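Novice:
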Amino acid sequence: MSKRLKDETSEEKILEAARRVFLQKGMAGARMQEIADEAGINKALLHYYFRNKELLFDRIFTQAAAKLFPKVVTILDADLPLFEKIEGFISSYIDVMSENPYLPLFVLNEVHRDPEGFYKRISGELKLPRPEKFLMQIDQEVKLGNIRPVSPLQLFMNILSGTIFPFIAKPLFQMHIGVDEFQFRQFMLQRKTEFARFVIDALRK
């Protein structure tokens with residue numbers, strides 16, 4: 075096996091291990107030693123590939139965003155009816171967040187810690203979704219009388235909040251309502267249709 079192929083294989087092994095640890099412990103609770111143990115390597119080798127867990131998480135975030143952002147860009151830019159866009163947007167976000175439920179909190183922490191640096195970092199590597207066309211479509215539907223009067227930006231923020239917040243509040247659901255990991259995943263699977271229906275019903279005249 076060539077050194078390049080070996081490095082790529084080792085990195086992917088580390089990333090898979092890190093995803094499992096981040097899923098169990100979250101970004102703040104994860105330790106490099108735990109990730110090394112999960113990957114079946116020593117800590118020195120882990121640091122050879124990734125100097126710290128922030129760099130490791132950056133890679134995981136970028137990979138997850140690379141799955142999500144193109145889907146969202148396609149949905150927001152498509153010539154689709156508004157309600158289909160809402161359904162597709164919510165479904166895509168929940169799918170990726172379900173695979174990487176620690177991402178929302180990581181993004182919030184990074185945005186508060188260094189918003190300019192975080193934006194430059196991700197915008198330099200990824201094509202970020204632009205909501206302008208979606209917002210204009212909402213405004214047009216309001217003017218045509220097809221949906222209830224609503225602020226396009228408020229609607230967009232409500233959709234984002236309702237999609238992302240359950241993952242941020244997951245520990246509260248688990249502690250206070252007694253929802254286990256399997257139940258939470260089933261709940262979010264149902265939410266793809268339930269929340270989309272809730273938003274659409276609120277817009278119907």
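Its first residue numbered 75, the sequence shown is counted upward by one per residue in this note's numbering.
Glycine residues also receive a C-beta, built at the ideal position from the N, C-alpha and C atoms.
On a predicted model such as this, the values are computed, not experimentally measured, just so you know.
1. Along the chain, where does the alpha helix (DSSP H) containing Ala-138 start, and where does it finish?
2. Quick check: the Cα distance between Pro-205 and Glu-268, rounded to an integer number of angstroms?
3. Output the distance between the C-alpha atoms of Asp-132 and Met-210, rounded to the nearest integer angstrom.
4. Taking 8 Å as the limit between beta carbons, can you name the residues of its chain near Gly-100, skipping five residues before and five after?
5. When you compare only the Cα positions, how much space is there between Ala-151 and Phe-163?
6. I need the DSSP call for Ser-172, collapsed to helix, strand or coil.
7. Where Gly-252 and Ala-140 are concerned, what is the direct C-alpha to C-alpha distance, given to the nearest angstrom?
8. What do you reckon, are the CB atoms on Pro-245 and Met-262 nearer than 8 Å?
9. Could you check which residue in Ile-168, Tyr-122, Ile-221 has the C-alpha nearest to that of Asp-275?
10. For Glu-108, count the other beta carbons within 10 Å of its own beta carbon; 16 or more makes it buried, fewer makes it exposed. Which is it?
11. Alpha helix (DSSP H) containing Gly-236: first to last residue?
12. Identify the continuous alpha helix (DSSP H) that holds Gly-198 and give its terminal residues.
13. Put Ala-92 into one of helix, strand or coil per three-state DSSP.
14. What does the alpha-carbon distance come out to for the pair Arg-265 and Ala-118?
15. Looking at the unbroken alpha helix (DSSP H) that takes in Ala-276, where does it start and where does it end?
16. Determine the contact status of Ile-134 and Arg-93, defining contact as a CB-CB distance below 8 Å.
17. Could you check the C-alpha separation between Ile-238 and Met-171 for me, to the nearest Å?
18. Assuming Ala-104 and Ile-88 make a contact with CB atoms under 8 Å, what is their CB distance in whole Å?
19. Candidates Met-106, Phe-208, Leu-182: which alpha carbon is nearest Pro-155's?
Specialist: So, to answer that:
1. 127-151
2. 23 Å
3. 33 Å
4. Tyr-176, Leu-179
5. A small correction: the amino acid at residue 151 is Asp; Ala does not occupy that position in the sequence shown. About 11 Å.
6. helix
7. 33 Å
8. no
9. Ile-221
10. buried
11. 226-242
12. 189-199
13. helix
14. 42 Å
15. 255-277
16. yes
17. 8 Å
18. The Cβ separation is near 13 Å, so there is no contact.
19. Phe-208
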